[in-house]
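One structure below.
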Amino acid sequence: MLQREKTKQFMVGDLPFGGNNKVYIQSMTNTFTKDIDATVAQIKILTDAGCDIVRVAVLDMEDAKSLSKIIAQIKIPLVADIHFNYELALEAINQGVDKIRLNPGNLPKREQVEAVVKACKAKHIPIRIGVNSGSLPGRALPTPELMVATAEYHVEILESMDFHDIAISLKATDMNLMIETYRLAAKKFPYPLHLGVTEAGTAFSGAIKSAMGIGILLHEGIGNTIRVSLTDDPRVEIQAAKEILKNLDLRDKVPNLISCPTCGRIQYDMIDIAKRIETYLLQVNKTINVAIMGCAVNGPGEAKHADIGVAGGKGEALLFRKGKVIKKIKEADVYDELIKEIDNYDDSIVEQAI
Ligand code: SF4
């Protein structure tokens, strides 16, 4: 297990947050928040995919007044994302949100910040301060020092009101800038950090960029929540986030697909099967290694730590469980047989693969 940075801890809804607690996956809806049905439907999809905390944009009072109806229908903590308007923040708090994202320094009057802080204190609601590389004061060129100083400005306002349930994000579009900024922030602040490469791009390049930026920091023990921002179906964000956490041993109950790159020994159309199985595994919440290998020469050997797997033969495949071949199956049946094995697999039984 990776050593986590010590940070302040508090609750976000019913989730213990910060310090050595679980690293949570966050996402944000892209529906109009006032469209309650659509927002709830999207949050349910995200929840089923593995999202732990969800953020919604609150643009006006109608959005703010929709929040309790949304909260009543969902199972994960809700964060209200608010800019420049303390009345929206007060209404969101009143509606029962679990966290607000608001930069106190962007509110025009100190009394307004005081009113929000008082309301948050009364309900034990934390505040996330969010600094983005593209929206620094004066449109200044982003540097780690400037981004951290901008966060510090907001943090000090809250601290001056004896408010310390603070989370901070310092997202940048540039991965190296993002890494250096969070490293600096981890040294500077005792608060939990929400990690993300902002506007990372589409599923392929964005997931790689995010996995590197977020992954490097998590490996150093930095980061308490993560968001993979992708221009794609929000479910893909969750899938990518789960992959990052799983590969760092920061999340269990996520399947792992092992598949060979194929070579001249390949005996069947395994690329198609591997892709279909990967899609199927998205809704499986088990700690399971599934191997799909191109040939029987090296397949079972290479995938001997898999819980379930296949290795191709001519028009057929060998099905193996925990490293042992259990039967031969026809190529046409490989997908269905694997699904059956995955469904029947009980990950609570610890058995050593051979
Ligand atoms: S499992 Fe077989 S087909 Fe796949 S890479 Fe290894 S040797 Fe090649």
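Here the sequence shown is numbered in this note's numbering, starting from 1 and rising by one per residue. All C-beta atoms, glycine included, are put in the ideal place defined by N, C-alpha and C.
Per DSSP, the bridge partner or partners of residue i
i: Phe10; result: Phe17
i: Ser27; result: Val54
i: Thr225; result: Tyr24 and His194
i: Phe364; result: As displayed, the chain neither begins before 1 nor continues past 354, which places residue 364 out of reach and without an answer.
Residue i versus the options, residue with shortest Cα-Cα distance
i: Asp162; options: Glu114, Pro137, Glu199 and Ile168; result: Glu114
i: Val97; options: Gln267, Thr262, Ala122 and Glu111; result: Ala122
i: Val155; options: Ala185, Leu257 and Gly309; result: Ala185
i: Thr355; options: Gln267, Ile166 and Cys263; result: Because the chain is modelled from 1 through 354, residue 355 falls outside the range shown and cannot be assessed.
i: Met175; options: Lys330, Gly215, Cys263 and Arg139; result: Gly215
i: Asn285; options: Gln267, Thr198 and Lys253; result: Lys253
i: Val63; options: Val54, Glu91 and Thr47; result: As written in the sequence, residue 63 is Asp, which differs from the Val given in the question. Per the Cα distances, Glu91.
i: Asp343; options: Gly315, Asp307, Gly50 and Val54; result: Asp307
i: Thr202; options: Ala240, Pro192 and Pro126; result: Ala240
i: His194; options: Ala151, Ile208 and Ala89; result: Ala151
Contact test: residue i Cβ vs the ligand SF4 heavy atom, cutoff 8 Å
i: Met293; result: yes
i: Pro77; result: no
i: Asn289; result: no
i: Gly309; result: no
i: Pro144; result: no
i: Val297; result: yes
i: Gly105; result: no
i: Arg265; result: yes
i: Glu302; result: yes
i: Gly215; result: no
i: Gly19; result: no
i: Cys120; result: no
i: Gly312; result: yes
i: Thr33; result: no
i: Thr262; result: yes
Cβ-heavy atom distance, residue i to the ligand SAH, below 8 Å
i: Cys51; result: Annotation note on the ligand SAH: not contained in the displayed structure, which lists the ligand SF4 as its ligands.
C-beta atoms of residue i and residue j nearer than 9 Å
i: Ile244; j: Ala211; result: yes
i: Asn2; j: Leu218; result: Per the sequence presented here, residue 2 reads as Leu, with Asn not at that position. Cβ atoms of Leu2 and Leu218: closer than 9 Å.
i: Ile129; j: Leu102; result: yes
Exercise. Are the segment 220 to 236 and the segment 269 to 280 in contact at 8 Å, needing three or more beta carbon pairs?
Worked result: The segment 220 to 236 is not in contact with the segment 269 to 280.
Exercise. Is the number of C-beta pairs between the segment 173 to 183 and the segment 18 to 31 that are closer than 8 Å three or more?
Worked result: No, the segment 173 to 183 does not touch the segment 18 to 31.
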